[in-house]
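*Asks:* Structure below; questions to follow.
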Amino acid sequence: MAQSQEAAAGGTAPAAIHTELLERRYGRHVALHGLSLVVPRGSVFGFLGPNGAGKTTAVKLLLGLVRPTGGEGMVLGLPLGEPAARRRIGYLPELFRYQEWLSGREVLEAHAALAGMERGRRRAAAEEALATVGLSGEGLRRVGAYSKGMQQRLGLAVALLGDPELVVLDEPTSALDPVGRHDVRTIIQNLRAKGTTVFLNSHLLTEIEAVCDEVAVLDHGRVIAQGGLGSLLQAKGVDVEVEGVSQEEIGRLGGTWSAPRNASFPELAEGDVPELVARLVALGGRIHGVTRRRASLEQRFLDWLEVR
Amino acid sequence: MLEICRLTVVESLRRRLTLALFAATLLLVGLTGWAFSEIGRLSSLQGVERLMQFSVLLLFLMLLFTGMLALTAVFTAAAAVAGELESGVAAAILARPLRRGAYLFGKWLGLAAVVGGFALLAGAGELLIVSRVAAFAPPQPVAALALITAQALLMMTLSLALATLLSAVTSAIISTVAFFLVWMLGTVDLMGVALKYPTLMTVGEIGKILLPTNALWQAAEYYLEPGSLVAAAQGLGLGGNPFLAIGPQPPAVLIWAGVWGGIVLALGIWGVVRRQI
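Residue numbers (our numbering), protein chains in the order written: chain A, 6 to 313; chain B, 120 to 396.
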């Protein structure tokens, strides 16, 4: 496992997360079935799936909140559940609840203490985290008086506290309005820029599509698709905006007219695009644009679920 | 661990639990003072009879006080642990580099400070007001208070351990039922002594082993009684009275109470370690 970890990370450092056949059963029910994942350091990794797919179980296994009934895993180079690894992880739970009798800043200071941060740094770190999530000026209010969205922002601040190496976000925008969702996207992009690994657990496909480099799709406790977002969303075929070529000639090249001046070549492989363009030009066609097809994550997601 | 302890104490302050306990202390001490003052004024008894009257009244009040303490300890501990585990607050805390054993022990320390503080403050207030109003002072108040506080801490530990696996309400109810059941078994034991019936005494002994809270009460009771009264009762061979302990509890009982507390706390830690958060 150690070797594959190094391979996954180019032989320099272990992957942020590496699991092999991780399994969690509750009696007869299998919540997670043989999860094998490699999350490279510095990546934004999307973990998606429908409700009840086992995403939150997987997250809890990674954090040591739930013990696996099979398989093994490493987080930041340490075995699952190792407290030393948790020192370097920030976590926003799906069901975010914080001590409502504390102020927002006190919650953060308590988490800073639990994370082992020196006393002198806690106040500044708490203020910084509050500012990052847009809660500056709200730090002295009791959490019990926060709105649901503010509590989720506070949870995000808890996860970001003290610049962790790995940030695990379980449905981080479930209680946020569109502005909040945009803010979270910006925060994740900033984390990526700093080299922080982000493990984003979500069933909101647009959210995943907007920020993730790689994804794994989970359904009924099994991974049904995994890889770079670019390659997963790539589809066969191109659309060409062209004039001066007849419908018959387009047909002989394997295409159809989809709209005036628009020809579709649904079966064309990516490598055949230059050849197609050359032949259209040879036929006297004037090309205004060539668009490679790309499936939406939503379409792909539905395809994967159907395949299963 | 110390941070969890601190948070537990802060929670009891912010949720006004300590304020409520302080108010309860004032009420308890005030009513006790009033009761002793009225009885002292109205009673025509003198000498040993008066001493006996005050002693029984004090024991009765302290017995009710231990019941109140047990309920306070049980419900406070159950809510503090099960509430946090069930609500999801614990998920964020236990994702930190904190061992679960340290988490639970931190909770125990914080709750012990609150419950133990209440037991000592209210208990001392009771004994002080009685000595001031009725000029009746138990012979060994510190030992008696320590034992009453230990009893409350045992109940707190039991409820805390149950709350790692059960809901707050279930943990509190089981603990409360166990407390009163053992109280009843203690009475059965005393009946066995009075009737010289070994089977009843054995049942009482089993109760002491299962939950030694009543044994601690009986130990505290002895230290609350005037020596002259105990000597007179011993001379007359009086035993088996719930308001008259004629001898101290054997050291083994006290040692077992400590060991019992340790075992139950260890079981609580095992419970929280095994729990899926």
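Ideal placement from N, C-alpha and C gives every residue a C-beta, glycine not left out.
Given a cut-off of 8 Å on the beta-carbon distance, is the pair B/Pro257 and B/Ala265 in contact?
*Replies:* If you number the second sequence from 1, residue 257 of chain B lands on position 138. If you number the second sequence from 1, residue 265 of chain B lands on position 146. Not in contact: B/Pro257 and B/Ala265 (Cβ atoms no closer than 8 Å).
*Asks:* Taking DSSP as the reference, what is the three-state secondary structure of B/Gly381?
*Replies:* As a first step, residue 381 of chain B is located in the second sequence; it is residue number 262 there, counting from the start. In this structure, B/Gly381 counts as helix in the three-state DSSP scheme.
*Asks:* Exposed or buried, which one is A/Phe306 when buried takes at least 16 other CB atoms within 10 Å?
*Replies:* Within the first sequence, numbered from 1, the residue matching residue 306 of chain A stands at position 301. Per the 10 Å Cβ criterion, buried.
*Asks:* Would you give the residue range spanned by the beta strand (DSSP E) that A/Ala230 belongs to?
*Replies:* Within the first sequence, residue 230 of chain A is the residue found at index 225, counting from 1. Where A/Ala230 is concerned, the enclosing beta strand (DSSP E) stretches over 227-233.
*Asks:* Which two residues bound the contiguous beta strand (DSSP E) that contains A/Met79?
*Replies:* Residue mapping note: residue 79 of chain A aligns to position 74 of the first sequence, counting from 1. Segment 75-80, the beta strand (DSSP E) holding A/Met79.
*Asks:* Hey, A/Leu165 and B/Gly207 are a contact pair by Cβ (cut 8 Å); roughly how many whole angstroms apart?
*Replies:* Counted from its first residue, the first sequence places residue 165 of chain A at position 160. Counted from its first residue, the second sequence places residue 207 of chain B at position 88. 19 Å between Cβ atoms; not a contact.
*Asks:* Determine the chain A residues that contact B/Val175 at a beta-carbon separation under 9 Å, and present them in chain order.
*Replies:* For the purposes of this step, residue 175 of chain B is identified with residue 56 of the second sequence, where counting begins at 1. Chain A residues near B/Val175: none, gap ~43 Å exceeds 9 Å.
*Asks:* What's the gap between the Cα of A/Arg158 and the Cα of A/Ser179?
*Replies:* Here residue 158 of chain A corresponds to residue number 153 of the first sequence, with the count starting at 1. Here residue 179 of chain A corresponds to residue number 174 of the first sequence, with the count starting at 1. The straight-line gap from Cα to Cα measures roughly 11 Å.
*Asks:* Got a sec, what are the start and stop residues for the alpha helix (DSSP H) B/Leu314 sits in?
*Replies:* Your numbering for residue 314 of chain B matches position 195 in the second sequence. From DSSP, the alpha helix (DSSP H) with B/Leu314 extends over 287-314.
*Asks:* If you draw a straight line from the alpha carbon of B/Ala364 to that of B/Ile382, how long is it in whole angstroms?
*Replies:* Within the second sequence, the letter at position 245 stands for residue 364 of chain B. Within the second sequence, the letter at position 263 stands for residue 382 of chain B. One C-alpha to the other measures close to 28 Å.
*Asks:* Say whether chain A places a C-beta atom closer than 8 Å to the C-beta of B/Gly225.
*Replies:* For the purposes of this step, residue 225 of chain B is taken as the residue at position 106 of the second sequence. So no, B/Gly225 is outside the interface.
*Asks:* Any Cβ of chain A within less than 8 Å of the Cβ of B/Leu240?
*Replies:* Here residue 240 of chain B refers to the residue found at position 121 of the second sequence. B/Leu240 does not count as touching chain A.
*Asks:* Spell out a yes or no on whether the stretch 285-297 of chain A and the stretch 237-255 of chain A are touching, meaning 3 or more CB-CB pairs, one atom from each, closer than 8 Å.
*Replies:* Touching, yes.
*Asks:* Which residues in the same chain have their Cβ closer than 7 Å to the Cβ of A/Gly59, if we skip the five residues on either side of it in sequence?
*Replies:* Numbered from its first residue, the first sequence carries residue 59 of chain A at position 54. Cβ within range, chain order: Ala36, Leu37, Leu223, Gly226.
*Asks:* Around the Cβ of B/Ser174, are there at least 16 other Cβ atoms within 10 angstroms (buried) or fewer (exposed)?
*Replies:* Here the question's residue 174 of chain B lines up with position 55 in the second sequence. Buried is the call here.
*Asks:* Is A/Glu170 helix, strand or coil by DSSP?
*Replies:* Against the first sequence, residue 170 of chain A aligns to sequence position 165. In the structure shown, A/Glu170 sits in coil (DSSP, three-state: anything other than H, G, I, E or B).
*Asks:* When Cβ atoms are compared, which residues of the stretch 197-227 of chain B fall closer than 7 Å to chain A?
*Replies:* From the stretch 197-227 of chain B, only Ser206, Gly207, Val208, Ala210, Ala211, Ile212, Leu213, Ala214, Arg215, Pro216, Leu217, Arg218 have a Cβ closer than 7 Å to chain A.
*Asks:* Taking contact to mean at least 3 C-beta pairs separated by less than 8 Å, is the stretch 206-221 of chain A in contact with the stretch 297-306 of chain A?
*Replies:* With the cut-off at 8 Å, the stretch 206-221 of chain A and the stretch 297-306 of chain A touch.
*Asks:* Which residues in chain B sit within 9 Å of A/Gln157, going by Cβ to Cβ distance?
*Replies:* Counting from one through the first sequence, the residue named residue 157 of chain A turns up at place 152. Listed along chain B is no residue with a C-beta nearer than 9 Å to that of A/Gln157; the closest approach is about 12 Å.
*Asks:* Out of A/Gly256, A/Phe50, A/Glu219, point me to the one whose CA is closest to A/Leu238's CA.
*Replies:* Locating residue 238 of chain A in the first sequence gives position 233, where the first residue counts as 1. Among A/Gly256, A/Phe50, A/Glu219, the Cα nearest to that of A/Leu238 is on A/Glu219.
*Asks:* According to DSSP, simplified to helix, strand and coil, what is A/Pro84?
*Replies:* Counting from 1 along the first sequence, the entry for residue 84 of chain A is found at position 79. Here A/Pro84 sits in strand by DSSP.
*Asks:* Determine contact between the stretch 201-217 of chain B and the stretch 279-295 of chain B, defined as no fewer than three beta-carbon pairs at a distance below 8 Å.
*Replies:* yes
*Asks:* Using three-state DSSP, classify A/Thr137 as helix, strand or coil.
*Replies:* One-based indexing of the first sequence puts residue 137 of chain A at position 132. Helix, per DSSP.
*Asks:* Quick one, which of A/Glu132, A/Ala264, A/Val148 has its alpha-carbon nearest A/Ser141's?
*Replies:* Here residue 141 of chain A refers to the residue found at position 136 of the first sequence. Among A/Glu132, A/Ala264, A/Val148, the Cα nearest to that of A/Ser141 is on A/Glu132.
*Asks:* Between B/Leu281 and B/Lys226, is the Cβ-Cβ spacing less than 8 Å?
*Replies:* Here residue 281 of chain B refers to the residue found at position 162 when the second sequence is read from its first residue. Here residue 226 of chain B refers to the residue found at position 107 when the second sequence is read from its first residue. No; because the gap between Cβ atoms is not below 8 Å, this pair is not in contact.
*Asks:* Could you tell me the distance, in whole angstroms, from the CA atom of B/Ser162 to the CA atom of B/Ser250?
*Replies:* Counted from its first residue, the second sequence places residue 162 of chain B at position 43. Counted from its first residue, the second sequence places residue 250 of chain B at position 131. Approximately 17 Å, taken between the alpha carbons.
*Asks:* Identify which residue in B/Ala189, B/Gly390, B/Ala287 has its Cα closest to the Cα of B/Leu300.
*Replies:* As a working mapping, residue 300 of chain B is identified with position 181 in the second sequence. Selected option, being the one with the closest Cα: B/Ala189.
*Asks:* So what's A/Trp262 in DSSP terms, helix, strand or just coil?
*Replies:* Within the first sequence, the letter at position 257 stands for residue 262 of chain A. Reduced to three states, the DSSP call for A/Trp262 is strand.
*Asks:* Got a sec: is the Cβ-Cβ distance from B/Glu130 to anything in chain A below 8 Å?
*Replies:* One-based indexing of the second sequence puts residue 130 of chain B at position 11. Closer than 8 Å to some Cβ of chain A, the Cβ of B/Glu130 qualifies, so yes.
*Asks:* Whose C-alpha, out of A/Arg297, A/Ala283, A/Ile255, A/Arg266, is nearest the C-alpha of A/Ala274?
*Replies:* Taking the first residue of the first sequence as 1, we reach residue 274 of chain A at position 269. Measuring from the Cα of A/Ala274, the nearest candidate turns out to be A/Arg297.
*Asks:* Can you pull the chain B residues whose beta carbon is under 8 Å from the beta carbon of A/Pro98, in chain order?
*Replies:* Taking the first sequence and counting its residues from 1, the one referred to as residue 98 of chain A is at position 93. Those are Gly207, Ala210, Ala211, Ala214, listed as they occur along chain B.
*Asks:* Against chain B, which members of the stretch 109-134 of chain A pass a CB distance test of less than 7 Å?
*Replies:* Among the residues of the stretch 109-134 of chain A, those with a Cβ less than 7 Å away from any Cβ of chain B are Ala115, His116, Ala118, Leu119, Ala120, Gly121, in the order of the chain.
*Asks:* From which residue to which residue does the beta strand (DSSP E) around A/Asn267 run?
*Replies:* In the first sequence, residue 267 of chain A corresponds to position 262, counting from 1. 267-270 is the extent of the beta strand (DSSP E) around A/Asn267.
*Asks:* Against chain A, does B/Leu138 count as a neighbour if the rule is that its beta carbon must be under 8 Å from one of theirs?
*Replies:* In the second sequence, residue 138 of chain B corresponds to position 19, counting from 1. It does not: the Cβ of B/Leu138 has no partner Cβ on chain A nearer than 8 Å.
*Asks:* Whose Cβ in chain A lies nearer than 8 Å to the Cβ of B/Ile396?
*Replies:* For the purposes of this step, residue 396 of chain B is identified with residue 277 of the second sequence, where counting begins at 1. What B/Ile396 touches in chain A: Lys65, Leu70, Val71.
*Asks:* From A/Glu214 to A/Arg190, what does the alpha carbon distance come to, in whole angstroms?
*Replies:* Within the first sequence, the letter at position 209 stands for residue 214 of chain A. Within the first sequence, the letter at position 185 stands for residue 190 of chain A. Rounded to whole angstroms, A/Glu214 to A/Arg190 spans 11 Å at the Cα level.
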